[in-house]
Amino acid sequence: MRLRTRHMLGIAGIEPDEIELILDTAESFAEIGEREIKKVPTLRGKTVVNFFVEPSTRTRSSFELAEKRLSADSVNFSASSSSFVKGETLLDTARNLEAMAPDFIVIRHSEAGAPHFLARHSRCSIINAGDGAHEHPTQALLDAYTIRRRKPLAGLRVAIVGDILHSRVARSNVLLLSKMGSDVVVCGPPTLLPPGVEELGCRVCHGVDEALEGADIVMALRLQLERMTRGYLPSLREYAKLYGINAARLDRAAPDAIVMHPGPMNRGVEITGDVADGDRSVILEQVTNGVAVRMAVLYLLAGEVESEAAA
Ligand code: NCD
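According to our numbering, the stretch in the sequence shown is residues 3 to 313, in order.
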């Protein structure tokens with residue numbers, strides 16, 4: 003079995019069997035890491051451009067590590083170093099990146115749809131590392147991988163709590179987990195719930211206690227204050243009181259529930275420090291798993307390109 007695409011633009015474009023394939027492949031890459039063989043020659047001779055037009059530490063270093071472990075050559079363009087800030091259009095930037103003949107462009111951009119635009123204008127494989135409030139497919143895949151190491155993805159009760167409106171992580175996770183047969187509930191203040199979010203495949207719940215009742219997975223999301231253009235909330239204290247994940251609230255979840263957060267966390271706002279560091283938290287494991295999952299995505303997409311070229 004192979005992927006049916008040579009780009010990773012979003013969870014919306016992939017099917018459950020492709021998701022399983024990525025997670026199974028990640029499993030074998032994680033084993034390589036565990037066996038202390040840190041590097042494999044799989045992508046030797048391939049070039050990856052990491053094009054990040056929005057701040058990122060976790061995702062970018064995770065991609066860089068994945069590329070290094072696969073022996074790819076990579077170059078980094080970031081917002082401050084790119085001509086982007088000097089007024090170059092995305093199309094010109096795309097043409098210039100293309101002129102360097104990379105095999106992959108990993109792009110993070112503040113505009114939804116930027117990776118899709120790039121995919122239409124370049125010959126290489128495009129990987130979406132987060133586009134505006136739209137999608138963040140590799141984050142949802144690493145979350146699914148982290149969950150699947152403990153529980154099968156079908157039939158879970160998943161509660162995603164926080165700033166759903168601005169969250170590409172929420173969107174990609176709802177799409178992925180509902181595709182895999184889980185029951186996903188999103189919860190947050192009405193101002194931070196996008197209208198029509200149910201169409202992605204989830205239910206909406208305004209009360210956090212109700213959302214957490216019997217949940218197998220509790221995912222807290224950051225309040226994306228940098229994206230808030232108006233007063234969505236009375237205050238952070240009020241938000242923490244009404245929606246923050248704390249130990250008392252977590253007691254409503256299933257006894258073996260796990261707590262997730264894509265990072266970066268606002269401790270004391272969407273999650274208390276004791277829950278973030280507690281024995282149900284898998285937050286750092288998510289970061290560890292990100293590398294194997296991104297290795298799997300790069301590896302599988304490279305196979306797709308090769309088989310297209312051979313055809
Ligand atoms: C998220 C992102 O950038 O979308 N973080 C991440 O990639 N790990 C979530 C966030 O910024 O809150």
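In this text, a Cβ means the ideal position worked out from N, Cα and C, and glycines have one as well.
Just so it is clear, the structure is predicted and the values come from calculations on it, not from any experiment.
- prompt: Using the beta-carbon count (16 or more within 10 Å), is residue 157 buried or exposed?
  reply: exposed
query: For residue 137, which beta-bridge partners are listed by DSSP?
result: 133
Residue 102 to residue 66 span [Cα, whole Å]: 18 Å
- prompt: Taking C-alpha atoms, which residue in 146, 51 and 153 lies nearest to residue 289?
  reply: 146
query: Rounded to a whole number of angstroms, what is the C-alpha to C-alpha distance between residue 189 and residue 281?
result: 23 Å
Where the alpha helix (DSSP H) through residue 176 begins and ends: 170-181
message: Given 8 Å as the limit, tell me if residue 261 has its C-beta closer than that to any heavy atom belonging to the ligand NCD.
response: No - the ligand NCD has no heavy atom lying nearer than 8 Å to the Cβ of residue 261.
Pairwise C-alpha distance: residue 266 and residue 59: 9 Å
query: Three-state secondary structure (DSSP) at residue 49?
result: strand
message: I want to check one thing, is the minimum distance from the CB of residue 80 to the heavy atoms of the ligand NCD below 8 Å?
response: no
task: Would you tell me roughly how many angstroms separate the C-alpha atoms of residue 105 and residue 141, rounded to the nearest one?
output: 22 Å
message: Taking the alpha helix (DSSP H) that residue 278 belongs to, which residues open and close that run?
response: 275-278
query: Would a C-beta distance cut-off of 9 Å place residue 178 and residue 285 closer than the cut-off?
result: No, they are not a contact pair.
Spatial neighbours of residue 182 in its chain, beta-carbon cut-off 8 Å, leaving aside the 5 residues before and after: 18, 21, 146, 155 and 156
field: For residue 172 and residue 249, the rounded distance between their alpha carbons
entry: 22 Å
- request: Report, in whole angstroms, the separation of the C-beta atoms of residue 235 and residue 191, which I expect to be a contact under 8 Å.
  value: 6 Å
- prompt: Helix, strand or coil: which one does DSSP assign to residue 103?
  reply: coil
- prompt: Does the pairing of the stretch 50-58 with the stretch 203-216 give three or more beta-carbon distances under 8 Å?
  reply: no
message: Distance check for residue 143 and residue 263, CA to CA, integer angstroms please.
response: 14 Å
field: Bridge-paired residues (DSSP) for residue 75
entry: 49
- request: Could you name the residues of the same chain whose beta carbon sits closer than 7 Å to that of residue 93, not counting the 5 residues immediately before and after it, in chain order?
  value: 123
task: Enumerate in chain order the residues of its own chain whose CB-to-CB distance from residue 79 is below 6 Å, with the five nearest sequence positions on each side excluded.
output: 53
N- and C-terminal bounds of the beta strand (DSSP E) containing residue 185: 185-189
- request: Report whether the distance from the Cβ of residue 111 to the nearest heavy atom of the ligand NCD is below 8 Å.
  value: Checking the Cβ of residue 111 against the ligand NCD gives no.
task: Confirm, please, whether the CB-CB distance from residue 226 to residue 168 is below 9 Å.
output: Going by C-beta atoms, residue 168 is nearer than 9 Å to residue 226.
- prompt: Do you know offhand how far residue 187's Cα is from residue 216's?
  reply: Rounded to the nearest angstrom, the two C-alpha atoms are 12 Å apart.
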